[in-house]
Amino acid sequence: LITERAGRLRIVRNGVLDPAPVAGVPTVFGQGLSGLMDIALHPRFASNRLVYLSYPKGGERGTTLAVARGRFDGRRLNDVEEIFVADAWETGGNLGGKILFGPDETLYVTVGERDRLCCTGTEDNSLRMKAQDLSNHVGKTLRIRDDGTVPPDNPFVGRAGVKPEIFTYGHRNGYGLAFNPE
């Protein structure tokens, strides 16, 4: 399975790209460098067929990062549901958007720092500083369960005014995730 920036999900079978995109993909609000971003298969994909996608979501406050999951039947995604929407609304800036299942079968999600002011010639770091603020998801790596809920052992669970999905913070744009196999 391959994501395309234009919002399509494609499949390669026996080394050949299927000409028909996979149906059932959520609506992707792509602009600039964003589009259908990342894909992760559930660790038990062979039995549950669950596929996870990250993508930009549009709304009244701009765009943010969303994660959806659906059941892949070989041609389409069925029972697609949005399981997570980041509190990272902005009118521009990088979304991050990498997703990866960890060894504990929780889903790690990167959210960019959303800095739309970085390249304008100003020295305004106000948007970038949101990565240090634990009351939002900007500039964070999040950890959620496979249904989008919060694991009770996340580091900030139970702290007033802090988003419980946060696993690490203070990042610019997480464009890669990996786990040491040991």
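Per my numbering, the sequence shown runs over residues 87 to 268. For glycine and all other residues, C-beta sits at the position ideal for the given N, C-alpha and C.
Rounded Cβ spacing between residue i and residue j (contact assumed at less than 8 Å)
i: F170; j: V195; result: 7 Å
i: R96; j: V111; result: Not really, about 10 Å apart at Cβ, beyond 8 Å.
i: N259; j: E199; result: 6 Å
i: R214; j: D232; result: That belief does not hold up - the Cβ atoms of R214 and D232 are roughly 31 Å apart, past 8 Å.
i: P129; j: F187; result: 5 Å
Limits of the beta strand (DSSP E) - the one that residue i falls within
i: S212; result: Note, S212: premise wrong, no beta strand (DSSP E); not H, not E.
i: N164; result: 163–171
i: A174; result: Here A174 belongs to no beta strand (DSSP E), and DSSP marks it neither H nor E.
i: K226; result: 226–230
i: K184; result: 182–187
i: T254; result: 252–255
i: V111; result: That residue, V111, is in no beta strand (DSSP E); it is neither H nor E in DSSP.
i: L193; result: 193–197
Proximal residues to residue i (C-beta, below 8 Å), its chain only, five neighbours per side dropped
i: P250; result: V236, N240, F242, V243, G244
i: A152; result: P112, S140, Y141, P142, K143, E168, F170, V171, A172
i: L220; result: F242, R245, G247, V248, K249, I252, Y255
i: P189; result: F265
Neighbourhood of residue i by C-beta distance below 6 Å, restricted to the same chain and skipping five residues each side
i: G256; result: A217, Q218
i: I125; result: L87, T89, L139
i: T254; result: T227
i: T149; result: F115, P142
i: R135; result: R157, F158
i: G234; result: I169, F170
i: R155; result: L136, Y138, I169
i: L263; result: K184, L186, Y194
Per DSSP, cross-strand counterpart(s) of residue i
i: A126; result: Y138
i: K143; result: T150
i: Y261; result: Bridge partners of Y261: none, in fact.
i: R69; result: Only positions 87 to 268 of the chain appear in the structure, and residue 69 is not among them; the question remains open.
i: T89; result: L95
i: T220; result: First, the amino acid is wrong: residue 220 is Leu here, not Thr. DSSP, once it has assigned bridges, lists no residue as partnering L220.
i: V236; result: In the DSSP output, where bridge partners are listed per residue, V236 has none listed.
i: V102; result: R99
Minimum Cβ-Cβ distance from residue i to chain C less than 8 Å
i: D239; result: The question asks about chain C, but that chain is absent: this structure has only one protein chain.
Same chain, Cβ closer than 7 Å to residue i, neighbours up to 5 away in sequence not counted
i: L103; result: R96
i: R91; result: G116, G121, L122
Cβ contact check for the stretch 175–191 and the stretch 157–167: 3 or more pairs under 8 Å: By the C-beta criterion, the stretch 175–191 is judged not to be in contact with the stretch 157–167, since fewer than 3 inter-stretch pairs fall below 8 Å.
Inter-stretch contact at 8 Å, needing at least 3 Cβ pairs: the stretch 183–192 / the stretch 138–145: With a cut-off of 8 Å, the stretch 138–145 and the stretch 183–192 count as touching, because enough Cβ pairs lie within range.
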